[in-house]
Amino acid sequence: MNVYIETYGCQMNVNDSEVVLAILRKAGYTSCGEMGRADLILVNTCSVRDNAEQRVLGRLDVFRQEKKRRPGVIVGVLGCMAERLKEKLLENAAVDIVAGPDAYRDLPRLVEAVSVSGKQINTLLSHEETYADITPVRTDRTGVSAFISIMRGCNNVCAYCIVPYVRGAERSRDPESILREAASLVADGYREINLLGQNVDSYRWTGDGTSAPVDFAGLLARVAQVDPKVRVRFATSHPKDMGDAVLHVMAAHPNICRHIHLPVQSGSDVMLEKMNRKYTREHYLERIAAIRRILPDCAVTTDVIAGFCGETEEDHAATLSLFREVRYDSAFMFQYSERPGTKASRHYPDDVPEAVKTARLNEIIALQNELSLESNRRCVGRCFEVLVEGPSKRSDAELMGRTSQNKTCVFPAAGHKPGDYVTVRVLSCTSATLRCEVAE
Ligand code: SAH
Ligand code: SF4
Ligand code: F3S
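Read in order, the letters of the sequence shown correspond to residues 0 to 439 in numbering that gives the first Met the number 0.
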């Protein structure tokens, strides 16, 4: 049996698809890169914004055609949309299986059951499941950079956000299993480890209570010590929980990348309060000041939402001014999309007109493009150590790699290969890329 899987959404979903492939491989499936050869087609989905769901619904139409062409093909919807829509998804003619994020161990049984008794569903959420004992089947092409999920779920209730409803309660994974996975990645030649969680700063392992608890700063230090030549990245940090301890651990370990993704969501205290983010603009800026003080060469990136419920021009202006003040190196920028069942959908009217949301988003994007360009211009003339990931998009004679600050560099291949560390000098830039020469 061949399984084909498509993945939408965040890095955690990418890692979950790798867990799913590991579970299915053990049950005798072979993963294949082409839908046309698959006996089992899976789509791992995202519910964070309506457009993410619309894309998947479009794909289900394609899968329905495929089932017409090749009867017997089984289609499963996994992940956050499966959890949110549950039985409703089974009404779709394309769908045979609906499995939520904590139900992946059950997939082999669900697939078997389809041929015997038709459509199957498992959307039970768990308080314990971390898939700690499952070694993900890596799906990255280069063998340079890999994900490790250190926790699952989320205990925050940001008013706009569907994640806690579809991912369940926060739970941290046993640090020993994380360290074992890191060591095995290193043994397999990986050069970069990405630690993943919705809010890594609230990572906490208490075990059976007999040893001292492990927090994120402690975990990060231990992962960094697995191999000083292997880079460590992490996401996402939460401004209310990111303390100085993590920053000091970063400062003490040069292989922990100089990059913090610190979603702000809005620059206005009124919006932050309504979003239930549990910090103020002042607190956020104090955290930024701490980063600059303890890690002067650290890049900072963010997420922001334009047009949340009741957002005024003044609130929007506060977001723009915060962006100018922080001077982000880059940002993920979204317009607010109401998600059914969230606190915002129940209590606050989605009252910023679509056109206004779009205009505000575009204004933020234009500003960030300037800030990204300025940030990159500050790199011109300087040298950076880059971890090579593969050929550049444009040419095999060029390589692409990232700096510790997560900036994309392109430079002549000159005999280097993926996984190498190369020191490059930046010659010129756009807002997205640094063009470099090899400095050695
Ligand atoms: N755990 C992370 C982010 C998870 S979702 C954090 O706490 O920041 C990724 C991003 O999607 C969020 O940071 C937010 O900017 C955006 N997002 C979440 N819900 C959204 C919604 N309903 N509409 C628009 N953007 C949303
Ligand atoms: Fe969503 Fe907030 Fe949890 Fe991030 S911290 S996943 S934005 S509820
Ligand atoms: Fe990730 Fe989307 Fe789910 S952002 S956690 S895949 S809702």
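Yeah, the Cβ is synthetic: ideal placement off N, Cα and C, and Gly gets one too. Computed from a prediction, not measured in an experiment: that's the story for all the values here.
Please list, in chain order, all residues of the same chain as residue i whose beta carbon is under 8 Å from its beta carbon, the five residues on each side excluded.
{"i": "Asn121", "result": "Val97, Ala98, Gly99, Ala102, Asp105, Leu109"}
{"i": "Glu397", "result": "Pro390, Ser391, Val409, Phe410, Pro411, Ala412"}
Tell me the residue span of the beta strand (DSSP E) that contains residue i.
{"i": "Asp302", "result": "298 to 305"}
{"i": "Cys428", "result": "420 to 428"}
{"i": "His258", "result": "258 to 260"}
{"i": "Gln334", "result": "329 to 334"}
{"i": "Glu310", "result": "Where Glu310 is concerned, there is no enclosing beta strand (DSSP E), given that its DSSP letter is neither H nor E."}
{"i": "Ile293", "result": "That residue, Ile293, is in no beta strand (DSSP E); its alpha helix (DSSP H) goes 280 to 293."}
{"i": "Glu397", "result": "397 to 402"}
{"i": "Arg232", "result": "230 to 234"}
{"i": "Arg48", "result": "From DSSP, Arg48 is part of no beta strand (DSSP E); its letter is neither H nor E."}
{"i": "Asn254", "result": "First-last for Asn254: undefined, no H or E at that position."}
{"i": "Val19", "result": "Looking at the DSSP string, Val19 is not in any beta strand (DSSP E); the run it does join, the alpha helix (DSSP H), is 10 to 25."}
{"i": "Arg434", "result": "432 to 437"}
{"i": "Glu5", "result": "1 to 6"}
{"i": "Gly75", "result": "73 to 78"}
{"i": "Pro339", "result": "Note, Pro339: premise wrong, no beta strand (DSSP E); not H, not E."}
{"i": "Asn405", "result": "Premise fails: Asn405 is in no beta strand (DSSP E) and is neither H nor E."}
{"i": "Val263", "result": "Where Val263 is concerned, there is no enclosing beta strand (DSSP E), given that its DSSP letter is neither H nor E."}
Does the beta-carbon of residue i have 16 or more other beta-carbons within 10 angstroms, so that it is buried, or is it exposed?
{"i": "Thr422", "result": "exposed"}
{"i": "Glu180", "result": "buried"}
{"i": "Leu123", "result": "exposed"}
{"i": "Thr429", "result": "exposed"}
{"i": "Tyr440", "result": "No answer is possible for residue 440: the residues shown for the chain start at 0 and end at 439."}
{"i": "Gln334", "result": "buried"}
{"i": "Ser394", "result": "exposed"}
{"i": "Glu281", "result": "exposed"}
{"i": "Met150", "result": "buried"}
{"i": "Ile364", "result": "exposed"}
{"i": "Asp49", "result": "exposed"}
{"i": "Lys67", "result": "exposed"}
{"i": "Arg323", "result": "exposed"}
{"i": "Phe410", "result": "buried"}
{"i": "Tyr202", "result": "buried"}
{"i": "Ala354", "result": "exposed"}
{"i": "Asn43", "result": "buried"}
{"i": "Arg286", "result": "buried"}
{"i": "Asn361", "result": "exposed"}
{"i": "Gly306", "result": "buried"}
{"i": "Tyr420", "result": "exposed"}
{"i": "Pro295", "result": "exposed"}
{"i": "Thr301", "result": "buried"}
{"i": "Arg230", "result": "buried"}
{"i": "Val115", "result": "exposed"}
Along the chain, where does the alpha helix (DSSP H) containing residue i start, and where does it finish?
{"i": "Arg381", "result": "Taken as a continuous stretch (DSSP letters only), Arg381 belongs to no alpha helix (DSSP H), as it is neither H nor E."}
{"i": "Pro163", "result": "162 to 166"}
{"i": "Thr357", "result": "353 to 376"}
{"i": "Val245", "result": "243 to 251"}
{"i": "Glu272", "result": "268 to 273"}
{"i": "His507", "result": "Nothing can be reported for residue 507: it is not among the residues displayed for the chain, which extend from 0 to 439."}
Who are the near neighbours of residue i in its chain, counting only those whose CB is closer than 7 Å to its CB and skipping five residues on each side?
{"i": "Val18", "result": "Tyr103, Tyr130, Ile133, Pro135"}
{"i": "Cys153", "result": "Val162, Pro163, Arg166, Glu169, Gln197, Asn198"}
{"i": "Leu59", "result": "Asn91, Ala93, Val94"}
{"i": "Val156", "result": "Pro163, Asn275, Lys342"}
{"i": "Ala51", "result": "Tyr7, Gly8, Cys45"}
{"i": "Val269", "result": "Asp314"}
{"i": "Thr432", "result": "Thr407, Val409"}
{"i": "Glu310", "result": "Met270, Val351"}
For residue i, verify whether its CB is less than 7 Å away from any heavy atom of the ligand NAP.
{"i": "Asn155", "result": "The model depicted lacks the ligand NAP and carries the ligand SAH, the ligand SF4 and the ligand F3S instead."}
Excluding sequence positions up to five away, which residues of its chain have a Cβ less than 6 Å from the Cβ of residue i?
{"i": "Trp204", "result": "Ser171, Pro174, Val213"}
{"i": "Val13", "result": "Thr6"}
{"i": "Phe233", "result": "Leu194, Val199"}
{"i": "Lys85", "result": "Thr122"}
{"i": "Asn1", "result": "Thr29, Cys31, Arg36, Ala37, Asp38"}
{"i": "Ile304", "result": "Gln264, Phe333, Tyr335"}
Verify the CB distance criterion: does residue i have a CB-CB separation below 8 Å to chain B?
{"i": "Arg203", "result": "Of the chains in the structure shown, none is chain B; there is only one protein chain."}
Strictly closer than 6 Å from CB to any heavy atom of the ligand SAH: give me those residues in the order they appear in the chain. Val47, Arg48, Tyr159, Cys160, Val162, Gln197, Asn198, Thr235, His237, Pro262, Gln264, Asp302, Ile304, Phe333, Tyr335, Ser336, Arg338
Ordered list of alpha helix (DSSP H) runs contained in the stretch 83 to 160, each at least 4 residues: 86 to 89, 106 to 116
So within the stretch 170 to 241, which uninterrupted beta strand (DSSP E) runs reach at least 3 residues, ignoring any that extend past its ends? 191 to 195, 230 to 234
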